Amino acid sequence: MLTRLLSSGAILALSATAAAADFDLTILHTNDFHARFEPISRFDSGCSEEDNTAGECFGGSARLVTGVEAARQRAGNKPVLLVDGGDQFQGTLFYTYYKGALAAEMMNKLGYDGMTVGNHEFDDGPEVLREFVGALDFPILMSNADVSGEPLLADVIRKSVVVEKGGEKIGLIGLTPQDTDELASPGPNVIFTDPSEAVQGEVDKLTEMGVNKIVVLSHSGYRVDQRVAENTTGVDVIVGGHSNTLLSNTAEDAVGSYPTVVNGVQIVQAYAYGKYLGELNVTFDDGGNVTAASGDLVLMDASVSEDEATKARIGEAAAPLDEIRNRVVAEAA
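To convert, note that position 297 of the sequence shown is 514 in our numbering; the numbers rise steadily by one, no gaps.
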């Protein structure tokens with residue numbers, strides 16, 4: 218059975234009665250995966266197959282596949298939105314060797330609906346990001362950046378998008394760190410702007426289109442997410458990333474509640490490295506207002522079995538890395 222960190226105390230009841238037009242949505246989310254396709258240890262580093270067999274490892278793509286499928290089953294007939302808060306790139310030899318190709322393959326397999334651009338997606342410039350975006354089956358978003366002057370990205374990265382779930386339109390907006398030009402290598406043609414102003418601009422456009430349920434996918438960090446929630450109107454949920462923040466109602470080392478509520482906005486984040494899968498259940502009324510929100514993180518530990526086909530694929534992808542891992546860096550004199 219999945220180890221679920223769910224608490225009845227996390228339930229936010231903003232309405233005493235449920236209207237007939239209420240819309241229930243389950244939002245599953247990850248962030249800052251950083252190429253952790255193989256399981257990790259409790260120290261977030263590599264975990265041997267021996268330790269994995271002994272039940273001492275967490276995460277990994279094979280376990281995440283099982284976790285997402287189980288969460289979809291728990292949702293029953295409720296629509297499910299699977300999103301990512303950025304920084305799939307960088308962190309292991311898998312990225313060094315495959316760049317974004319393996320990340321795109323795994324994300325497509327999991328069935329993501331959207332992702333925001335993280336600063337590490339720019340580590341190898343617009344060229345590698347363009348290749349990654351071209352391999353995805355879903356949109357990648359970034360509202361607070363002007364990419365019109367960068368030919369490689371101008372026609373592939375959107376500020377926002379509308380997806381349909383259960384017959385309802387949901388607006389997704391992307392955010393990346395405003396200082397990405399200092400953190401990575403986006404080049405001179407990508408101009409980053411204020412996150413709150415960018416989000417409000419997209420909210421206004423979506424609202425004019427008749428969209429009243431809006432989720433921001435933010436790679437700006439927990440503190441910035443709270444500021445965006447405070448300084449904007451019309452946002453319902455912020456799925457965060459970048460600060461590797463553990464938000465939970467039961468985990469001892471959590472730094473905030475799940476969700477954290479600021480100005481009526483539900484803010485969530487799932488730490489990093491695929492160790493947790495976020496599971497937020499939201500109820501909207503007919504006007505698109507959040508009337509209830511509950512959930513927590515699902516720990517991807519040994520109680521979550523690894524999908525065998527995915528495990529085999531990751532093993533296959535790891536084979537070329539063995540030469541790099543075993544390479545003699547220097548010989549003693």
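Here a beta-carbon is modelled for each residue, glycine too, at the ideal position from N, C-alpha and C. Remember, predicted model here, so these are calculated numbers, not experimental data.
task: Answer with buried or exposed for Gln305, where buried requires no fewer than 16 other C-beta atoms within 10 angstroms of its C-beta.
output: The residue given as residue 305 occupies position 88 in the sequence shown. Buried.
query: With a Cβ-Cβ cutoff of 8 Å, do Gly457 and Ser474 count as a contact?
result: Here residue 457 refers to the residue found at position 240 when the sequence shown is read from its first residue. Here residue 474 refers to the residue found at position 257 when the sequence shown is read from its first residue. No, Cβ-Cβ distance for Gly457 and Ser474 is not below 8 Å.
- prompt: What number of angstroms, rounded off, separates the C-alpha of Ser520 from the C-alpha of Met323?
  reply: One-based indexing of the sequence shown puts residue 520 at position 303. One-based indexing of the sequence shown puts residue 323 at position 106. Near 21 Å, if we compare the C-alpha coordinates of Met323 and Ser520.
message: Please report the straight-line C-alpha distance between Thr393 and Ser360, rounded to a whole angstrom.
response: Taking the sequence shown and counting its residues from 1, one reaches residue 393 at position 176. Taking the sequence shown and counting its residues from 1, one reaches residue 360 at position 143. Straight through space, the alpha carbons of Ser360 and Thr393 are spaced by roughly 8 Å.
- prompt: How should Arg530 be labelled, buried or exposed, when 16 other C-beta atoms within 10 angstroms of its C-beta is the threshold for buried?
  reply: In the sequence shown, residue 530 corresponds to position 313, counting from 1. With 16 or more other CB atoms across the displayed protein chains lying within 10 angstroms of its CB, Arg530 is buried.
query: Looking only at its own chain, which residues have a Cβ that is under 8 Å from the Cβ of Thr450, when we skip the five neighbours before and after it?
result: Reading the sequence shown from its first residue, position 233 is the one you call residue 450. Once the five neighbours on either side are set aside, the close Cβ partners of Thr450 are Gln417, Val420.
message: At 3 residues or longer, what runs of the beta strand (DSSP E) sit wholly inside the stretch 469-518?
response: Annotation: the stretch 469-518 contains the following complete segments of the beta strand (DSSP E) (minimum length 3 residues), in chain order: 477-479, 482-485, 493-501, 507-516.
field: Option in Ala271, Thr270, Gly276, Gly272 with minimal Cα separation from Ser262
entry: Here the question's residue 262 lines up with position 45 in the sequence shown. Closest by alpha carbon: Gly276.
- request: Below 8 Å on the Cβ atoms is my guess for Asp524 versus Thr283; work out the distance and round it to an integer in Å.
  value: Locating residue 524 in the sequence shown gives position 307, where the first residue counts as 1. Locating residue 283 in the sequence shown gives position 66, where the first residue counts as 1. Confirmed, about 5 Å.
query: Is Thr508 buried or exposed, if buried means 16 or more other CB atoms sit within 10 Å of its CB?
result: Start at 1 with the first residue of the sequence shown, and residue 508 comes out as number 291. With 16 or more other Cβ atoms within 10 Å, it is buried.
query: For the alpha helix (DSSP H) that Gly342 lies in, which residues bound it at each end?
result: Looking up residue 342 in the sequence shown gives position 125. For Gly342, the enclosing alpha helix (DSSP H) has its first and last residue at 342-352.
- prompt: Considering only residues of the same chain and omitting the five flanking positions on each side of Asn362, which have a CB-CB separation below 7 Å?
  reply: Here the question's residue 362 lines up with position 145 in the sequence shown. The residue asked about is misnamed: residue 362 is Ala in this sequence, not Asn. Close CB contacts of Ala362 within its chain, under the 7 Å cut and outside five residues either way in sequence, are with Thr393, Val407, Ile408, Phe409, Thr410 (chain order).
message: Rounding to the nearest angstrom, what Cα-Cα distance links Val482 and Glu255 in this structure?
response: Numbered from 1 along the sequence shown, position 265 holds the residue referred to as residue 482. Numbered from 1 along the sequence shown, position 38 holds the residue referred to as residue 255. Their Cα atoms are separated by approximately 34 Å.
Three-way DSSP call (helix, strand, coil) for Gly391 in this model: For the purposes of this step, residue 391 is identified with residue 174 of the sequence shown, where counting begins at 1. Here Gly391 sits in strand by DSSP.
field: Where Ser205 sits in the DSSP three-state scheme
entry: The requested residue 205 does not occur in the structure, where the chain is confined to residues 218 to 550.
task: Could you pull the start and end residues of the beta strand (DSSP E) that Leu464 belongs to?
output: In the sequence shown, residue 464 corresponds to position 247, counting from 1. Membership of Leu464 in any beta strand (DSSP E) is not indicated, and neither H nor E is assigned to it by DSSP.
- prompt: Is it buried or exposed for Gly226, if we count other Cβ within 10 angstroms and need 16 for buried?
  reply: For the purposes of this step, residue 226 is identified with residue 9 of the sequence shown, where counting begins at 1. With a pLDDT of 44 at Gly226, under the threshold of 50, the predicted position of this residue should be treated as unreliable, and no value is reported.
field: Beta-carbon proximity of Gly391 to Leu358, cut-off 8 Å
entry: Residue 391 sits at position 174 when you count from the first residue of the sequence shown. Residue 358 sits at position 141 when you count from the first residue of the sequence shown. Contact: yes.
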